[in-house]
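Those protein sequences? They're chains G and C, same order as listed. For the first sequence, this note's numbering gives the first residue as 33, with consecutive numbering after it. For the second sequence, this note's numbering gives the first residue as 8, with consecutive numbering after it. For every residue, glycine included, the Cβ atom is placed at its ideal position computed from N, Cα and C.
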Amino acid sequence: MTQIVIIAEIFQGMIRPVTFELAAAALKIKKLNMEKKYPGKKTPQMEIPGVVKIIVPADDPLPLADEISKRMDFDVIGLRIPGLKTYNSDIYKQCLSQLIKKIKPSHILAANTSQGRDFAPGLAVRLKAASISGVNQIRSDDQGLIYSRPVLGNTRNMIIRSMPDTPVVLTLMPGVFKQDLPDNKKKGKIEICEIPFTPVSGTTAKLKESSRIDKPVSAKSNSKNRILHQQILQKSCENPALKGAQIVVAAGRGIGKQENLEAIFKFAKCFSSSAVGASRPLVDLGWIGYEHQVGITGAAISPKLYIACGISGSSQHLAGIKDAEVVVSINKNPAAPIFRHSDLCIQAEALEFIQAFLELPRADLVTYRPANNKA
Amino acid sequence: MNILVCIKQVGDNGDMNRFDAFALEEALGLKEQYDGQFLEPIFVDVVTIGGQAASEIIRRAFGMGADKGFHIVTRKTVYVPPFVTASKLAAVAAKTPYDLILTGIMSEDLMEGQTGPMLAEIMGFPCAAGVVKTGLPTNDNAVFLEREMENGFRESLEIRLPAVLTIQAGINTPRYPSLSKMLAARQKKIITLAETDLFPEPIQAKESYLSMEYPEKTRAGHEIKGTLADQAKQLFNFLRKKDLI
Ligand SMILES: Cc1cc2nc3c(=O)[nH]c(=O)nc-3n(C[C@H](O)[C@H](O)[C@H](O)COP(=O)(O)OP(=O)(O)OC[C@H]3O[C@@H](n4cnc5c(N)ncnc54)[C@H](O)[C@@H]3O)c2cc1C
Ligand SMILES: Nc1ncnc2c1ncn2[C@@H]1O[C@H](COP(=O)(O)O)[C@@H](O)[C@H]1O
């Protein structure tokens, strides 16, 4: 049986939880493969050990490998790369491809995160593998496995197949493959494998270095590594207001102009314990501060109610509101993807709708209250 | 110093991919900031692969300040595997000793986020994806940058040139093409390359397109209809029932 390898995601010396989502996806692939191979049959074959291997690249991979094997009975390969303290795409691509070429797996899984997007496509090129990014569904048809990935601003999923007998690198959308792994009865096997990194040289097309006259050449630029990590920075993004709010009213590009944010703030004031959120483009445009950004590179929130005004519903935005209890969206386009991920859909011009809401004659409104409510 | 920016035409209106406008602005910004400080002048070229109409975005790039424009003319298809696109871009990029190649973090239509990192690998260059800040502080043999990660984290890197960077939105404010440059751009020649000249043999794709589907619904999706006032009232009642207002 061909093998499936997972590249564990490590950040600041810790295993990121998305690694366990990759494991869940690997199990899914394994199951689909088994069903193809032994149609109709069940569990015994499912137990074939060693099909899934998790690679943990680090200077000292043992503690991390140990942590993973405690949670899952997959084999773990601690890929020891002397000197690897933080993620580095050059080092990942070189050392991982050497190891993976020996394993010859059919599937290589990484997360579609800032790390996976950085190294996985290049790794695929090195391995002469197929490469499919942002996978949000894996299933099979009569010819084998097929993969779904979002396109066109999340309005469609494109179904892709990789060539038979070619390994495939998949980067998986975070948050879609459930982490509900089977109870771990036995610990997975741990193996440590050392592959040192050899700095890449000689690719510099430029022969002469034309230094700036006023500044000395930094000592670091004489280092052999092409990519030098300097430091991790963190934006002051802690946003207790957004994270703690019961109700979040959020604005997207559909509000048209910055001045219209005023209406969004007014709308939010209709609710107690509310805050204003925003899609990334509004933050990029400088209309509103980063602390309001909702999504994969902003805040993930879990309010009782999320009202999306003029937001299309990109996967990156939706990733931040998965845990909202109720989602209401206002969008003028009936085909906006956000409507597929809303409890209540209001097709309208966002600003006009908000105006109408603010102007509701209160006396007309039903004054229904749940019986158990004090008021 | 030579900079190449990969730009793609997307959508029904034939616009430049939003992320590529950020990439082009970043290249033009570097040129404005550092030109004259190194022994070599800084040039910013653009390249696109697309149908005839894709020349419009090259004109736009000229209007923003790009020097040379390359257009690989192809037929439009639903899906081109990123490796195929990257291989074609590499063929153009290899004709000039580029120090820095910028792409968008992803295209708005295919949303792969793979073309830049693959192009780097094909060229044998280092790569950084999701760049939100760049600079050439000490020499023109390395670039300083910040790369965006999740949850507000960034990492700062120094990368030896030549290199490929994929540019994230928000890194700058892309300029509008200037009228005078747009007029001058009409005289400028776009260097057109026929795909069949560059690639007599088609590049072998390892992925194939099957179909398009609508994404699954994850929530009830109840529609509120009627006049604005009706819709507003229904929302109010819905929220009241749930004790949210
Ligand atoms: C690595 C990466 C990370 C990202 N992280 C994030 C993130 O954390 N958060 C995030 O939000 N995005 C993120 N993005 C960006 C994301 O891909 C989308 O570009 C973005 O979410 C779109 O924002 P939007 O919905 O406001 O704009 P658009 O997609 O332009 O949507 C605007 C919507 O408004 C509607 N509309 C237009 N006019 C009106 C009107 N008058 N009334 C009502 N509706 C109207 C339109 O129909 C459309 O649906 C990220 C992208 C990348 C590549
Ligand atoms: N047809 C194309 N022509 C020029 N550049 C492209 C093309 N397709 C992709 N790119 C570049 O690669 C980036 C990422 O695209 P993708 O991998 O499709 O998400 C884009 O932002 C462009 O900079």
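For the alpha helix (DSSP H) holding residue i, just list the boundary residues, first then last.
i      : result
G:A382 : 382 to 390
C:D237 : 235 to 248
C:I129 : 122 to 130
C:E155 : No alpha helix (DSSP H) contains C:E155, which is instead part of the beta strand (DSSP E) from 149 to 155.
C:T92  : 89 to 100
G:R285 : Where G:R285 is concerned, there is no enclosing alpha helix (DSSP H), given that its DSSP letter is neither H nor E.
C:A30  : 25 to 41
Is the CB of residue i under 8 Å away from at least one CB in chain G?
i      : result
C:K95  : no
C:I56  : no
C:K249 : yes
C:G142 : no
C:H78  : no
C:G111 : no
C:P167 : The displayed chain sequence assigns Arg, not Pro, to residue 167 of chain C. C:R167 counts as touching chain G.
C:C13  : no
C:D116 : yes
C:L242 : yes
C:F245 : yes
C:Y183 : no
C:L31  : no
C:K224 : yes
C:K213 : yes
C:L37  : no
C:Q238 : yes
C:P48  : no
C:L217 : yes
Could you check how far apart the C-beta atoms of residue i and residue j are, in whole angstroms? I think they sit under 8 Å.
i      : j      : result
G:K60  : G:I170 : 6 Å
G:I333 : G:I362 : So it is not a contact: roughly 18 Å between Cβ atoms.
C:E128 : G:V157 : 4 Å
G:R149 : C:G120 : 5 Å
G:H139 : G:I36  : 4 Å
G:I222 : G:A97  : 5 Å
Since residue i is in the beta strand (DSSP E), which residue starts that stretch and which ends it?
i      : result
G:C341 : 337 to 341
C:L117 : Careful: C:L117 lies outside any beta strand (DSSP E) and carries neither H nor E.
G:P89  : 84 to 90
G:S172 : 169 to 173
G:Q372 : The identity of residue 372 of chain G in the sequence shown is Arg, whereas the question assumes Gln. First-last for G:R372: undefined, no H or E at that position.
G:I259 : 259 to 266
C:R161 : 160 to 167
G:M66  : Element bounds for G:M66: not the beta strand (DSSP E) but the alpha helix (DSSP H), 50 to 69.
C:I14  : From DSSP, C:I14 is part of no beta strand (DSSP E); its letter is neither H nor E.
C:A135 : 134 to 142
Less than 8 Å between CB atoms is the rule here; does residue i satisfy it with respect to chain C?
i      : result
G:F385 : yes
G:Q263 : yes
G:A162 : yes
G:A380 : yes
G:S377 : The sequence shown places Cys at residue 377 of chain G, rather than the Ser named in the question. Judged by the 8 Å Cβ criterion, G:C377 is in contact with chain C.
G:C302 : yes
G:N189 : yes
G:P14  : A question about residue 14 of chain G goes unanswered here, because the residues of chain G that appear run from 33 up to 407.
G:K238 : Caution is warranted here: a pLDDT of 42 is assigned to G:K238, below 50, making its placement in the model unreliable, and the coordinate value is therefore given only provisionally. Taking Cβ atoms only, chain C reaches closer than 8 Å to G:K238, which makes this a yes.
G:M205 : no
G:V359 : yes
Only counting the same chain, and skipping five residues up and downstream in sequence, which positions put a Cβ closer than 7 Å to that of residue i?
i      : result
G:A237 : Note that G:A237 scores a pLDDT of 41, beneath 50, so its modelled location is shaky; the value from the coordinates is reported in the next line. The answer is none, since no qualifying residue turns up.
G:P93  : G110, L111, R112, I224
C:M113 : F26, E119, G120
C:G268 : Nothing in the structure corresponds to residue 268 of chain C, since chain C is present only between 8 and 252.
G:W319 : Q290, L293
C:M23  : I14, Q16, I64, R67
G:P137 : T34, Q35, I36, V37, P199
Excluding the 5 residues preceding and the 5 following residue i in the sequence, name in chain order all residues of the same chain whose CB lies nearer than 8 Å to its CB.
i      : result
G:R188 : P182
G:S233 : K256
G:Q278 : F303, S304, S305, S306, P335, K336, L337
So, at 6 Å on beta carbons, what are the nonlocal neighbours of residue i in its own chain, with the 5 sequence-adjacent residues on each side left out?
i      : result
C:V91  : I210, A212
G:A142 : I39, G148, A152, T203
C:E153 : V139, K140, R161, S163
C:F77  : V54, V99, I198
C:F50  : N9, D74
What are the uninterrupted segments assigned as alpha helix (DSSP H) that are 4 or more residues long and contained completely in the stretch 48 to 87 of chain C, given in chain order? 62 to 71
**Request:** Report the residue ranges of all alpha helix (DSSP H) runs contained in full by the stretch 190 to 214 of chain C; include only those spanning at least 4 residues, in chain order.
**Result:** 202 to 205
Fill in: 4 or more residues per run - each alpha helix (DSSP H) lying fully within the stretch 132 to 176 of chain G
148 to 159
| task | At 4 residues or longer, and completely inside the stretch 296 to 347 of chain G: list those alpha helix (DSSP H) runs for me, N to C. | result | 312 to 316
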